[in-house]
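Working notes, structure below.
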Amino acid sequence: MNNLLVLPLLLPLCTAVILLFLKQYLVIQRWVSTVSVLMNIAIAGIIVMQVRSAGIHVLHIGGWMPPYGIVFVADMLSALLVLTTSVVSAFCLFFAFGTIGVERERYYFYPLFQFLLVGIYGSFLTGDLFNLFVCFEVMLISSYALIVLGGTRRQLRETLKYMLINILSSSLFVAAVAYLYGVVGTLNMADLSLKVAEAGQSGVLNVIALLFMIVFALKAGLFLFFWLPGSYSAPPSAVAALFAALLTKVGIYALIRTFTLIFHSNPEVTHSWLMGMAIATMILGAIGTVAYHDIRQIINYNVVVSVGLIIMGLAVSSEEGLEGAVFYLMHDMLAKALLFLLGGLIIQVAGTADLRQMGGMIRRYPLMGAMVFITALAIAGIPPFSGFAGKLLLIQAGLREGYFGLTAVALGSSLIVLYSLIRIFMQAFWGEEKPLQEQSPMLNRKLIMPSVGLSLLVIGMGLGSEAVYNLVADAGSTLILPMQYVDAVLKE
Amino acid sequence: METIQAFGEHALGLFILIGAIICAISTFGLIRLPDVYLRSHAATKSATLGVLIILSGSFFYFMFYLDHISAKILLGIVFVFLTSPVAGHLNGRAAYRTGVPLWKESVQDELKQVREHIREDA
Amino acid sequence: MMDTWLILSLAVLSLSILGCMYRLLKGPSISDRIAALDTIGIVLLAMITIVCAWLRTTTYMDIVLLIGILTFIGTIAFARYLERGEVL
Amino acid sequence: MSLLHMAILLPFLYAAALTVMRKPSLRFHTGWIILPIPVLLFVYFISCMASVQAGEELSGSIPWIPSLNIRFTVFLDGLGLLFSLLISGIGSLVVLYSIYYLDRKKEALRNFYVYLLLFMGAMLGVVLADNLIILYGFWEITSISSFLLIAFWHNREKSRYGALKSMLITVLGGLAMLAGFVLFYIMTGTFSLREIINNAGSVNDHTLFLPALVLILLGAFTKSAQFPFHIWLPDAMEAPTPVSAYLHSATMVKAGLYLVARFSPVFAGEALWFWLISVCGIVTLIYGSFQALKQTDLKAILAFSTISQLGLIMSLLGLGSAAAFYTDGSDSVFYAKATMAAIFHLINHAVFKGALFMVVGIVDHETGTRDIRKLGGLLSIMPITFTIAVIGTFSMAGLPPFNGFLSKEMFFTAVLGITELDRFDSQTLLRLFPVLAWVASVFTFGYSMMVVFRTFTGRPQFEQLEKKPHEAPIGLLLSPVVLAALAVVFGLFPNLLSYTLIEPAMAAIHPALLLPGDRFYVSIHMWHGWTPELFMTMGVAVAGMLIYKLHPRLSVLHEPLFRRVSLNLTYDAGIKLLHQGSLRMTNRYMTGSLRHYVIYIFVFLILSLGWGLYHYGAISVNMDRFAPVSLYEIVINLVLILSVIAIPFVNSRMKAIILTGAAGYMVTLFFVIFRAPDLALTQMIVETVSVALFLLCFYHLPKLEKEQTKPRTRIVKLAISAGVGVIMTLVALSASGSKLFESISDYYLRNSYVLAGGKNVVNVILVDFRGFDTMLEIVVLGIASLGVYALIRLNLASDRPEAVRKLDFANRLNKDRLPSNDVILRTVSKVAIFIILVFAVYLFFTGHHHPGGGFIGALMTAAALILLTMAFGMATIREVIPWDFKRLTAVGLLIAILTGAGSFLFDAPFLSHSFGYFNLPLLGKTELATAVLFDLGVYLTVIGITMTIILTIGRDK
Amino acid sequence: MELYMSMSVGVLFMVGVYLILSKSLLRIILGTSLLTHGVHLLLLTMSRLKTGAAPLLGEGANSYVDPLPQALILTSIVISFGVTSLFFVLAYQAYRKLGTDNMDLLRGKEDE
Amino acid sequence: MALQILLNFILAFVWMFLNNEWSVVQFIVGFLVGLICLMLLRRFWTYEFYLYRVWALMKLFLLFNKELLHSSLVVLKQILQPKLAIQPGIFAYETELKSDWEITLLACLICLTPGTLTLDVSDDNRTLYIHAMDIQDADLLSRQIKCTFEKAIMEVTRT
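Residue numbers (UniProt numbering), protein chains in the order written: chain U, 1 to 492; chain L, 1 to 122; chain A, 1 to 88; chain Z, 1 to 957; chain P, 1 to 112; chain W, 1 to 159.
What follows is the structure, encoded as structure tokens:
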């Protein structure tokens, strides 16, 4: 019993509700939100430390023993993701202060923001399959509201698609839960793991596993990512950053969780399918990154590529691969948030998202240019930035297990990713100043500081890879041996 | 006593069945009658009658054979009484106002003139 | 014994729902459909009552009342919408 | 942290300091602050010379990611020292040169020096690193800093082009190299270079060995601009000349050579290694020298010259690796001389090419052009420059007494020697080496002459120049003078280098040839007697002069080698293809059309699940335990199916919505049949409220029009939807046919009254066993209501197109908006509302034991309020209930959360409920459960939400 | 019964998908609601049908049907109610602003 | 009238008070006692004893049931006849009823009786427009309604 586990979710929930009462008091809203996200970082930190020292933590919500009640479980993977989420969300929030605009603030931006976090934390922490669905829904519905908040035409149009696709995938999710419940009659993930293993994951269970794969692939943007580029380019950049950093990651987390804990005994599903999808995702994503001149599109497809890369680790599913996936996942949350914040800043100062109409911004915004450059390197996995260790682990795993084609695609996609991001840098920051840029406003500190903070984190995470890796290694060793998780949850 | 009980059951069953049949007939009316107003007669009222019979049959069945006085059925009856005419009325009016024509063999339409009159005033 | 009667009634009622369905699909006017839907609701109410009697339980009695209320509200909403193009 | 670490990190730290520092003043040149760094480093490395010569290895290690065997380990041996001296030495000269070359007022000097320092540090890192990953990291940083430096004048399109090209190619190589390194790690379990070298030979039979070899060579070749990866180097000449001199001739491009040399101990003896390197090198040599002849831009000539010289050194390294084929000492040493030549020429090339670049820089600086067609006759004006140029070019051409002569002789020796190699059957191929080498040398001679004589002699044509030429200032001349002097000194006294640098470097490349304590004997002489090499050189001079003289008339030299196909064109076309092809391809499937996306998803679903069903033989319909069917159920089924199937065919939205409503009713009926009273209640009420909402929103939606679709589309749609239906059915049947375990629900049935005090198990599950779901579920609703509110109220851009106004539904529909008398509705509603309200409260309270509960109760309450609104209008409800329903939502949520969090006080898990039986006045024995409080929260929230949504929409007119 | 229910579920899915593949937003919305119905019936079908009385302990029956799927369906109904209402309003607002309900015209390539 | 009912309730409570026993049985007994008292002193009130109204209501209810049954059968017969021998139409019906309650009641009763359907009410609440299934003689129908329902309603509502 450890009520600490529910706090990451409860705190934003309470905050959101309190913010509802403070509709007109924007300044107070900001302060309350700030305090809340900072507290959440602290809580997440404590959880990580506790998991590190005492292993997997379990909370039986309502005091009901699993598999009958809902449990919250924090193994290292969950704890790390919660920590990263709390950090990223804080920066996105700070960025939102400067960019989101009074109108959106007045129409419940901050409560919706906190609600989104509720869903995300819940998804990371829950140990119950149906509760995962519910948490997904909390997350999704807040994302719908956030994506459309403001109601511009582009937002409306893209939200329609985003929402419909997600409604579909939610329906399929419930259908998958239904099938699984029909066969094994339980919902607790640890219990499911036991029972699926006992049944030998044969016959219809594999089909159900495939259905789960489709559902989560849709959420994660793995292969079925069609909805992603459009919808992530609709909302304001603080929201887009939050989405890019967190939403697809929840899908990835769910894939990792399901396929390491529940359906891990049939490599035909876990390896072949996931690998094929990962390869396709990386290739299509990489192609997408160079196809457009719209900054938003470029960075959106970058999200897609990284999804493929992370799932590569899951597909290889050796301990090294999983470690790589987790490491890269954490890095990607930070780096994608940073990338989107910077993208937002560029668009804001350039007055356009079209790269062809930008140029010469390095003269006025050298710091921003440097950060874009560093981000590009970090995302491409150039040492000593944060992306490197994860990518190295993934490549090692791929090569060690003999998946040469997969690894080649991963490396190739890194190159293309680097190219696409450097292209942003070159076209926006180098060259002659375009008329649009000559009158662009100076950035105040409020806008630039969140990006600076995230950049420092990206560098710090790279330099401090050892410390991060130690935690990630814990996560990897738990993932590769699902019995640890099962024992921790089901022990009396 | 037993025979009375058995007879009672049969009677109630028959009663309910009659209700059901009335419902069915009125549905038949719903299919057969030529315009919306006439169908409305069948739908809103005959069906109501059938349902009332069924409900009261069930009520008595519960009362006599299961020793349960179901206030909810009573309440249900009251509510159906209360609401179904209103529903019929509003639906008919809506039909009329959206210009659903009367059956061609209708003989009289006093509302039409009035409404035209009002329209001219307005 | 009673059950025979009840199931017979259920069958008859389900047939009458089928009839309503015909009207529902055929129309021709929207009011026809609304009326049909209303009738379906009422028949449903009757059916559930019979199911209650058949299963010898009062569990579903709430539903009876609820359907009564809701078909009423639904029909009103439809009718008002039809008449004015708005509900509230 | 050793001094070596300091040496590597010093430039980085300095660069960081420079970035953070306030803008340096314009009064003196920033370069003066930078200059001490390379000088200091040079001095340090010189001081290390003695110990390296003595065979000691300086090393140090800092853990970076020790768990992954990544340590920042550095060591200094002969090879490393040689490169370090080059880097720091030439670095010093280049910085000095740049101080005079770059204008302190016009240029962004700070950026320049930051990049340069980055490069310097990274380059030192490359050559000193022991850990392969560290090496890789620095390797990439050199690529990146080179990118930044090439595009230093980023306003120029060509600079950016060249920068990007160089980065793409070198990073590509770097990634390949990384893969190779990782393969090594997999084979050996270590990233340490020295460990790998010490265990050389242990993994030669590993299947990954050759792939690793190829991948690492890919890295080396791209970096060293070997054919066909050389294309980036000529474009990189857009960089400021100091950069070209430093990066693109003296140091960075040599990193590939370093890598090859470094890995020689591991790979030498592998035939593939020998062939790849030597052939690639010799091809590059001849190709580069030939291309150089065709250039008219001085810098381009030097660029191709660099390519060819790099090829020369590369091939020498390859030839040197032949030594490993022999175990016999004398044979080995014979071939190892090629390695010696490679090292020597590497130094020489750095010296003379550095000087030549600086000369070209001076010419460019003073005349404003580098085009040899415009230049000529500068001899009289720039005598010192001319002298340097002569020394440089003659050295390059291989004329005595300059250092280039010596290394060229050694090169000839090596290529002649290789013909005697008898390990392969391809003697003819080996015989080609001397021929190619000679031809390439002729070309080299030719362009060397062009560089110096076209520029400095001949008819002056100053009128074509942008500026009036002068002799360069002394500062600009200082560095090239030093280099030219070195060229002479090394030519005359080559043995200055033999023991200090070449021999330790050879020891590093060929450790296997040495016994412990042994050393190579390196002696270089100008005069060997009348050897074949000397005759070859003479031949070169004669033929070269001929080419130089005939140059203007040889048309083959003025036209592109191949008009249609060239590597550059391939690159450009590749990039173009990348962009256009990707755009076309991406646009092809990313149509933005929702329908397409949905089709993708479902096709994937059908294929994967269908495959799964087929492949795993999962279709097993086992109907033994299925529930019995009775007739009326089939009829209901039929009704459901009918109403559902009819929906696509209708052409009015009312029909469609009514049919959907009917389907909903049927679902409700199923819930009743399957003993789920709560579900039936909820479904019914949700259905109704949804319909109401639908109607509210219909206000604006246009009429349903018949879908104008082609028959083919329709068939596709039909096929996909049928596929989904069939698959879902099959999976459902298989799943319900193969129940493997008993469900956990028995527990709930047994315990819900005992442990949770409720008789309605479903409700108890909802508010207690799985209360958390419920809490989040009302959160979902709350968010939805906020979303609806914001969506309707917040319109940042009020852009409502004209078209909609015309379509305004109400006007179309209701032609006569006559007042209507709602007396009947109102009067009945007065009663009905209260009945409904009481019923709602009843449902709420009874929920724990009977069907009902907070959610249903709340929706009923909302239904009553909706009825009120419909009958009496919006104004009435605002008067009657003057609350803000959003607040009500918040209050409800707060109650639910606090109920859950209340368990914190008792140190119980979140959402723990308790219940007890109390004797209350009037009510008697009553059960009080916190779950009811929780349910109250649900109740309030749901009322708030429903009313918020409905009123928000309703008011939006 | 499971057989027939599964078939009904299949039909619900089929028509739902068919509608979602339409151009008109309205049909799409209807399609999603059918899909939701299908999912709920599926969930119900997946527990054994008609194995006992409704899970109300006050009734004193010998056996009860599986209550857990019912609870899940309830949650799911409520959630999809929330989502659907937001979707309705979104559609409504989108139509007002974008002037069309034809999803084929809302691809979003031409402007911005 | 409302005062009478309220008083009756109060009396029932007083009865329970006196007996100091709070149960349904006592309440009913008290209510009856109060009712009897009220009935005995009914002339004391300026207006009628409310039980008469209740009685009138009952009569209305019975009348209605009779009409419902009767006309339902008529409609059913019409439906089941092989050939539709009806002449439907809309006629205006002037009512003397005034208050909302009365009119609503009347309209509902008309609606509930098969064969007739209140289509609309004029704004001044005076005229009901009724759709009838068989309208051979509109006046006859009007008179029927007037004699049956309207009279019965008046008996309930008017003193």
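Ideal Cβ placement from N, Cα and C applies to all residues, glycine included. Note that this is a predicted model, so its numbers are computed, not measured.
Cβ atoms of residue j and residue i: under 7 angstroms apart, would you say?
{"i": "U/F115", "j": "U/S142", "result": "yes"}
{"i": "Z/F42", "j": "Z/G89", "result": "yes"}
{"i": "U/N40", "j": "U/P66", "result": "no"}
{"i": "Z/I313", "j": "Z/L257", "result": "yes"}
{"i": "Z/G281", "j": "Z/G320", "result": "no"}
{"i": "U/K222", "j": "U/M277", "result": "According to the sequence displayed, residue 222 of chain U carries Leu and not Lys. For U/L222 and U/M277, yes; Cβs fall inside 7 angstroms."}
{"i": "U/L274", "j": "U/L314", "result": "yes"}
{"i": "U/L479", "j": "U/L322", "result": "yes"}
{"i": "U/L211", "j": "U/A176", "result": "yes"}
{"i": "U/I61", "j": "U/I70", "result": "yes"}
{"i": "residue 958 of chain Z", "j": "Z/V435", "result": "This structure does not reach residue 958 of chain Z, given that chain Z is present from 1 up to 957, and the question cannot be answered."}
{"i": "P/I79", "j": "Z/E777", "result": "yes"}
Distance check for residue j and residue i, CA to CA, integer angstroms please.
{"i": "Z/R71", "j": "Z/I65", "result": "6 angstroms"}
{"i": "Z/V804", "j": "A/L82", "result": "Note that Z/V804 has pLDDT 45, beneath the 50 cutoff, so the model's placement of it is unreliable and no number is given."}
{"i": "Z/G581", "j": "Z/A505", "result": "48 angstroms"}
{"i": "U/A77", "j": "U/A467", "result": "Correcting the residue type first, residue 77 of chain U is Leu in the shown sequence and not Ala. If you take the alpha carbons of U/L77 and U/A467, they lie about 15 angstroms apart."}
{"i": "Z/G857", "j": "Z/T682", "result": "10 angstroms"}
{"i": "U/L11", "j": "P/I28", "result": "37 angstroms"}
{"i": "P/L98", "j": "U/R296", "result": "22 angstroms"}
{"i": "U/G185", "j": "P/L105", "result": "45 angstroms"}
{"i": "Z/T30", "j": "Z/D364", "result": "22 angstroms"}
How many whole angstroms separate the CB atoms of residue i and residue j, which I take to be in contact at a CB cut-off of 8 angstroms?
{"i": "L/G76", "j": "A/L70", "result": "Not confirmed; about 12 angstroms, so no contact."}
When you check each C-beta in the UniProt domain "MrpA C-terminal/MbhE" (712-793) of chain Z against every C-beta of chain A, which residues fall closer than 8 angstroms?
none
Counting beta carbon pairs with one atom in the region 157-167 of chain Z and one in the region 193-212 of chain Z, are three or more of them shorter than 8 angstroms?
no
Could you please tell me which residues of the region 381-395 of chain U, in chain order, have their CB closer than 8 angstroms to any CB of chain Z?
I382, P383, P384, F388, A389, L392, L393 and I395
Contact set between the region 21-38 of chain A and chain Z, restricted to residues whose Cβ is under 9 angstroms from the partner
M21, L24, L25, G27, I30, R33, I34, A36 and L37
Would you call the region 220-229 of chain Z in contact with the region 169-183 of chain Z, where contact means no fewer than 3 C-beta pairs closer than 8 angstroms?
Taking a cut-off of 8 angstroms for Cβ pairs, the region 220-229 of chain Z and the region 169-183 of chain Z touch, as three or more such pairs fall below it.
Between the region 173-187 of chain U and chain P, which residues of the former have a C-beta closer than 7 angstroms to a C-beta of the latter?
V174, A175, A178, Y179, Y181 and G182
Which residues, in order along the region 68-83 of chain A, keep a beta-carbon less than 9 angstroms from a beta-carbon of chain Z?
Close to chain Z, meaning a Cβ-Cβ distance shorter than 9 angstroms, are the following residues of the region 68-83 of chain A: I69, L70, T71, F72, I73, G74, I76, A77, F78, R80, Y81, L82 and E83.
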